[in-house]
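Novice: My questions will all concern the structure given below.
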Amino acid sequence: MSSPRDVVITGIGLVSSLGEGPDAHWQKLAQPGLEPMLEAARFAPYTVHPLPEIDWNLQIAKRGDQRQMETWQRLGTYAAGLALDDAGIKGNDELCTTMDMVVAAGGGERDEAVDAAILAASESRNDRDVLINEKLTTELRPTLFLAQLSNLLAGNISIVHKVTGSSRTFMGEEGAGVAAVETAAARIRSGQSTHILVGGAFQTEHSDMLLGYELAGYLHRGPWKPVWQRQGAEGGGVVTGSGGAFLVLEQREHATSRGRKIYAELGPVVSGRARRPWGELDAQIAALLKQAAVPNGKLLALSGASGAHTATIAEKAALDANPAIAARGFSTLTGHMKEAQFPFAVALAALAVDRKAAYPVFDAAAEKPFEGVPATVLATAIGYHQFEGMALVNAA
Amino acid sequence: MANLNDHMGRPIVAVTGIGVVTSLGVGKADNWAALTSGKSGIHPITRFPVDHLNTRISGMVDFLPSSSKGSSHLTYELAETAAREAVAESGLDSGDFGGPLFLASPPVELDWHDRFALYNSNDLDSGGERLLRVARGLKELDFFETTQFGSIAGRLADRFGTRGLPITLSTACASGATAIQLGVEAIRRGECDRALSIGADGSATAEALIRFSLLSALSTHNDIPEKASKPFSKDRDGFVLAEGSGALVLESLETALARGATILGILRGCGEKADDFHRTRSKPDASPAIAAVRAVLADAGLSQDEIDYVNAHGTSTPENDKMEHLSLSTVFGERIGSMPVSSNKSMIGHTLSAAGAVEAAFSLMTMRESVIPPTINYDNPDPAIVLDVVPNKKRNAEVRTVLSNSFGFGGQNTCLVMAREPV
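Line order of the protein sequences matches chains W and V.
Under the working numbering, the first residue of the first sequence is numbered -13, with each subsequent residue one higher.
Under the working numbering, the first residue of the second sequence is numbered 217, with each subsequent residue one higher.
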């Protein structure tokens, strides 16, 4: 039963190593046996899924704006623009100035050359605190700070796309993406908002972005493998990817009154934080599946599993425990996109519902086929280190 | 029987616990005594050498055990300390809080001292490559945890027994206000009966100072530190970087009354509006700040005549104070000249991610104590900014309602309205 205050998805903006936009992603992902785009040399021993070629001008018209951002912010601003275009909101002043925004963000790119010079000098100097002052005051580009600041992805979206109803940035890896979607949906359901831009971006092609995983040994090393098959391989199991995912969430009544195409309805969004050192993860995933009220019968699941050994084993076991669930671990083809992971999962789920078809298996050895039309699709993001979330996406 | 719902039929949100830490001290009592006696917490920087720095003063919190342990540890301790005070005052279980956590905290990065330690523990490769090589051999998670944006909130969730996925947020210098807004909204939507909202910032590192300096945002009045932060003065030349934390226990009025809690104040309304003009500058006509103030009044169900006092953002930068005055004078008209508007930042500096929460705590105390803290260092008024800034000395006054402003880089504008009593 649809209700006027349902949350519906009316815009999708996607960028990954596979390309950009919902159509390109659908066409690629619907091909059985698609090979991932990999970059194994630049960051060896780590493999990453790199950004595709992007003409930034298409979504960020002013060169001056492009120069004020590093790649992460450009990527997010670009993906946000794709979603706004897709929803028919871009350039519509009235809709943009009343549009709310929740962005899931980490930090931006530091200046690797400046950092490397300071580290190199630290080998021969003991006055390292003075060294920092000396180098940073003279060598940092003054506006780089803004290009790194977490909330400036949202800030740039306001500047470039004129989204100014409200602007909030959530931080905290995959959990930020989960909370962003959950909060946005709650605002619409309660009548606090009629249309919200929500999403995130992750630019992995920078040593600090890899370091954020590798300080706990989370990255997979050696030859690439699909996300479900990294247990026992060298390293921690995560292969990262650059990408971004933004959604336009809208109150059903608002979307229909302006005659927009609806991809899908966003059903329950549930989240939690298992105390993993206490062994709560298995029970937490089971509880979330229950809380999301997964319907009886066969179910397609877009899993955001990262490959991180413990979390991925737990998620796989929980999904396998229900024989009706056919999971698709999309990180096999996109890599793990951190804050963007959950919005990406929801976007892929919405596409399957909209196209009335399931994705073929992304890993023939670990996934099972799904025949028929998926009316409801599950999207998951079980954090590589902490935080868990799921959503059900239903036919419009 | 008190009215339990507001003018829009939503549950009224009460404050039942307040905690605060600034450079003036730990806890409400010490802070309030200092704040109302016009004492400044701004002092010379001793945490790191100041060679090559244009700004050598700050409002750092130097007296906690974690003050020298890097921004992640200090931010946690600041948040924990303020939240402990707030939860204790509320009378709720300090290990089983039972509601969600909203934490405003600064973005995290690997500390320079940690970078040096990792880098110099190996001599193969160089730069980031060497750091990655060392990282994959680490056995402990200590370095890792300081680089995860969700770690501090995770630790706080364990410490206080908050429920669900804790939200860590940043809206730059408006973050503390946004954390409170998220708590208010969750209670109004009926998702919970109580929420813990914290703003904490212990990120005053050398690099942070340099970054703000490079943007010409900081005061360079180093000679007399306590005089450097001078909001609304003609010779103001930037803000003073500072640390601190503020925490509020928010509860639906209904459940707070039912358990016999002391009601410390009411969170009447929240309003926001993003600015699309520039990354660090506000739209010259101040229209987004004006819209945020109007939005909070509408949300609170109050007219402009019903605001008794403004706890200003008042950073002491040339830009902010001018824009804030323009927005207030536009909304409040002629009345603004006779309405008290003071800036806590004149004494504590700008606590960045914590500021909105710290200043909400002080706003609530202003109403409870019937004392308005002054704007100190107001010796040379800016003739273009005609405001009653409660200059230099506290003022006794009945204050029933407060507007608290928070504006930040990236076009963030968030306003809160608090009231002493339920309607």
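All C-beta atoms, glycine included, are put in the ideal place defined by N, C-alpha and C.
Counting Cβ pairs, one atom from each stretch, are 3 or more of them under 8 Å apart for the region 313 to 328 of chain W and the region 213 to 228 of chain W?
Specialist: These segments touch.
Novice: What residue ranges within the region 410 to 460 of chain V form continuous alpha helix (DSSP H) runs of no fewer than 4 residues, ordered along the chain?
Specialist: Fully enclosed alpha helix (DSSP H) runs of 4 or longer: 422 to 430.
Novice: Name the DSSP beta bridge partners of F232 (chain W), please?
Specialist: Here the question's residue 232 (chain W) lines up with position 246 in the first sequence. Paired residue(s): W:G(-1) and W:G185.
Novice: Give me the subset of the region 472 to 494 of chain V whose CB atoms are less than 8 Å from a CB atom of chain W, sorted by chain position.
Specialist: Going along the region 472 to 494 of chain V in chain order, one finds E488, K489, A490, D491, D492, F493 and H494 with a Cβ nearer than 8 Å to chain W.
Novice: Would you call the CB atoms of A516 (chain V) and R551 (chain V) closer than 7 Å?
Specialist: Indexing the second sequence from 1 puts residue 516 (chain V) at position 300. Indexing the second sequence from 1 puts residue 551 (chain V) at position 335. No.
Novice: For the alpha helix (DSSP H) containing P504 (chain V), list its first residue and its last residue.
Specialist: Counted from its first residue, the second sequence places residue 504 (chain V) at position 288. Residues S503 to A516.
Novice: Can you grab the Cα-Cα spacing for the pair A463 (chain V) / A577 (chain V), in whole Å?
Specialist: On the second sequence, residue 463 (chain V) is found 247 positions in, with the first residue counted as 1. On the second sequence, residue 577 (chain V) is found 361 positions in, with the first residue counted as 1. Rounded to the nearest angstrom, the two C-alpha atoms are 7 Å apart.
Novice: Can you look up L305 (chain W) in the DSSP assignment and give me helix, strand or coil?
Specialist: Numbered from its first residue, the first sequence carries residue 305 (chain W) at position 319. Looking at L305 (chain W) - three-state DSSP - the assignment turns out to be helix.
Novice: So the candidates are W:W214, W:G198, W:A202 and W:E220; which of them puts its Cα closest to the Cα of G208 (chain W)?
Specialist: In the first sequence, residue 208 (chain W) corresponds to position 222, counting from 1. Closest by alpha carbon: W:E220.
Novice: With a threshold of 6 Å on Cβ separation, who are the neighbours of G253 (chain W) within its own chain once the five nearest residues in sequence on each side are excluded?
Specialist: Taking the first sequence and counting its residues from 1, the one referred to as residue 253 (chain W) is at position 267. Contacts found: L378 and N380.
Novice: Given a cut-off of 7 Å, decide if K14 (chain W) and C82 (chain W) are closer than it, judged by their beta-carbon atoms.
Specialist: By 1-based counting over the first sequence, the position of residue 82 (chain W) is 96. By 1-based counting over the first sequence, the position of residue 14 (chain W) is 28. For C82 (chain W) and K14 (chain W), no; Cβs fall outside 7 Å.
Novice: Does any CB atom of chain V fall closer than 7 Å to the CB of E301 (chain W)?
Specialist: Indexing the first sequence from 1 puts residue 301 (chain W) at position 315. Judged by the 7 Å Cβ criterion, E301 (chain W) is not in contact with chain V.
Novice: In the DSSP output, which residue or residues are listed as bridge partners for S274 (chain V)?
Specialist: Residue numbering aside, residue 274 (chain V) sits at position 58 when the second sequence is read from its first letter. According to DSSP, S274 (chain V) bridges with V:H259.
Novice: Could you check the C-alpha separation between E236 (chain W) and H295 (chain W) for me, to the nearest Å?
Specialist: Walking along the first sequence from the start, residue 236 (chain W) turns up at place 250. Walking along the first sequence from the start, residue 295 (chain W) turns up at place 309. Each residue's Cα considered, the two are about 36 Å apart.
Novice: Cβ atoms of T362 (chain W) and P309 (chain W): under 7 Å apart, would you say?
Specialist: Residue numbering aside, residue 309 (chain W) sits at position 323 when the first sequence is read from its first letter. Residue numbering aside, residue 362 (chain W) sits at position 376 when the first sequence is read from its first letter. No, they are not a contact pair.
Novice: Check for me: the beta strand (DSSP E) holding F623 (chain V) runs from which residue to which?
Specialist: Indexing the second sequence from 1 puts residue 623 (chain V) at position 407. From DSSP, the beta strand (DSSP E) with F623 (chain V) extends over T617 to G624.
Novice: I'd like to check one pair, A416 (chain V) with L568 (chain V): are the Cβ atoms closer than 7 Å?
Specialist: Taking the first residue of the second sequence as position 1, residue 568 (chain V) is located at position 352. Taking the first residue of the second sequence as position 1, residue 416 (chain V) is located at position 200. Contact flag unset, no.
Novice: By Cβ distance below 7 Å, which residues in the same chain neighbour R216 (chain W) in space, the five residues on each side in sequence not counted?
Specialist: Position 230 of the first sequence holds residue 216 (chain W). Excluding sequence neighbours, R216 (chain W) sits near H206, G223 and G293.
Novice: If you drop the 5 nearest sequence neighbours on each side, which residues of the same chain put their C-beta closer than 6 Å to that of G375 (chain W)?
Specialist: Stepping through the first sequence from its first residue, residue 375 (chain W) is reached at position 389. These residues qualify, in order along the chain: V164, S257, F328 and A367.
Novice: Suppose you measure from the CA of E159 (chain W) to the CA of N612 (chain V); what does that come to, to the nearest Å?
Specialist: On the first sequence, residue 159 (chain W) is found 173 positions in, with the first residue counted as 1. On the second sequence, residue 612 (chain V) is found 396 positions in, with the first residue counted as 1. If I take the Cα positions, the gap works out to 47 Å.
Novice: Based on the DSSP secondary-structure assignment, which residues constitute the bridge partners of N221 (chain V)?
Specialist: As a working mapping, residue 221 (chain V) is identified with position 5 in the second sequence. Answer is V:P227.
Novice: Kindly list, in the order they appear in chain V, the residues whose Cβ is closer than 8 Å to that of G203 (chain W).
Specialist: Residue mapping note: residue 203 (chain W) aligns to position 217 of the first sequence, counting from 1. Those are A351, R352 and L354, listed as they occur along chain V.
Novice: List the residues of chain V that T155 (chain W) touches, going by C-beta distances under 7 Å, in chain order.
Specialist: Position 169 of the first sequence holds residue 155 (chain W). Residues of chain V passing the Cβ test: L385, S386 and T387.
Novice: Taking Cβ to Cβ, would you say R636 (chain V) is nearer than 7 Å to M581 (chain V)?
Specialist: Within the second sequence, residue 636 (chain V) is the residue found at index 420, counting from 1. Within the second sequence, residue 581 (chain V) is the residue found at index 365, counting from 1. It is not a contact, given that the beta carbons lie outside the stated cut-off.
Novice: What residues in its chain sit with their C-beta under 7 Å from that of S554 (chain V), if we drop five residues either side in the sequence?
Specialist: As a first step, residue 554 (chain V) must be located in the second sequence, where it is residue number 338. Contacts found: D604.
Novice: Going by DSSP in three states, I592 (chain V) sits in which element: helix, strand or coil?
Specialist: Along the second sequence, read from residue 1 onward, the residue named residue 592 (chain V) stands at position 376. It is coil, neither helix nor strand.
Novice: Compare the Cα-Cα distances from K302 (chain W) to each of W:R(-9), W:L233, W:V213 and W:A343 and report the closest residue.
Specialist: For the purposes of this step, residue 302 (chain W) is taken as the residue at position 316 of the first sequence. Among W:R(-9), W:L233, W:V213 and W:A343, the Cα nearest to that of K302 (chain W) belongs to W:V213.
Novice: V366 (chain V) to G161 (chain W), Cα distance in whole Å?
Specialist: Your numbering for residue 366 (chain V) matches position 150 in the second sequence. Your numbering for residue 161 (chain W) matches position 175 in the first sequence. Reading off the sequence, residue 366 (chain V) comes out as Gly, not Val. Between G366 (chain V) and G161 (chain W), the C-alpha separation is close to 8 Å.
Novice: Could you spell out the range, first to last residue, of the alpha helix (DSSP H) harbouring F383 (chain W)?
Specialist: Here chain W comprises residues numbered -13 to 382, so residue 383 (chain W) is not present and cannot be evaluated.
Novice: From F279 (chain V) to S461 (chain V), what does the alpha carbon distance come to, in whole angstroms?
Specialist: Reading the second sequence from its first residue, position 63 is the one you call residue 279 (chain V). Reading the second sequence from its first residue, position 245 is the one you call residue 461 (chain V). Between F279 (chain V) and S461 (chain V), the C-alpha separation is close to 14 Å.
Novice: For the candidate residues V:H541, V:S532 and V:S413, whose alpha-carbon lies nearest to that of Y594 (chain V)?
Specialist: Position 378 of the second sequence, counting from 1, holds the residue named residue 594 (chain V). For the residues V:H541, V:S532 and V:S413, the minimum Cα distance to Y594 (chain V) belongs to V:S532.
Novice: Hey, is the region 491 to 504 of chain V in contact with the region 586 to 600 of chain V, meaning 3+ C-beta pairs nearer than 8 Å?
Specialist: No, they do not touch.
Novice: In the DSSP assignment, find the beta strand (DSSP E) that holds C486 (chain V) and state where it starts and stops.
Specialist: Position 270 of the second sequence, counting from 1, holds the residue named residue 486 (chain V). Here the beta strand (DSSP E) through C486 (chain V) covers G481 to E488.
Novice: Got a sec, what are the start and stop residues for the beta strand (DSSP E) I311 (chain W) sits in?
Specialist: Counting from 1 along the first sequence, the entry for residue 311 (chain W) is found at position 325. Segment I311 to G315, the beta strand (DSSP E) holding I311 (chain W).
Novice: Suppose only complete runs of 4+ residues qualify. What are the alpha helix (DSSP H) ranges in the region 302 to 358 of chain V, listed by chain order?
Specialist: Within the region 302 to 358 of chain V, the complete alpha helix (DSSP H) runs of at least 4 residues are 328 to 335 and 343 to 351.
Novice: Going along chain V in order, which residues have a C-beta closer than 9 Å to the C-beta of T150 (chain W)?
Specialist: Here residue 150 (chain W) refers to the residue found at position 164 when the first sequence is read from its first residue. Simply K489, A490, D491, D492, P504, A507 and G627.
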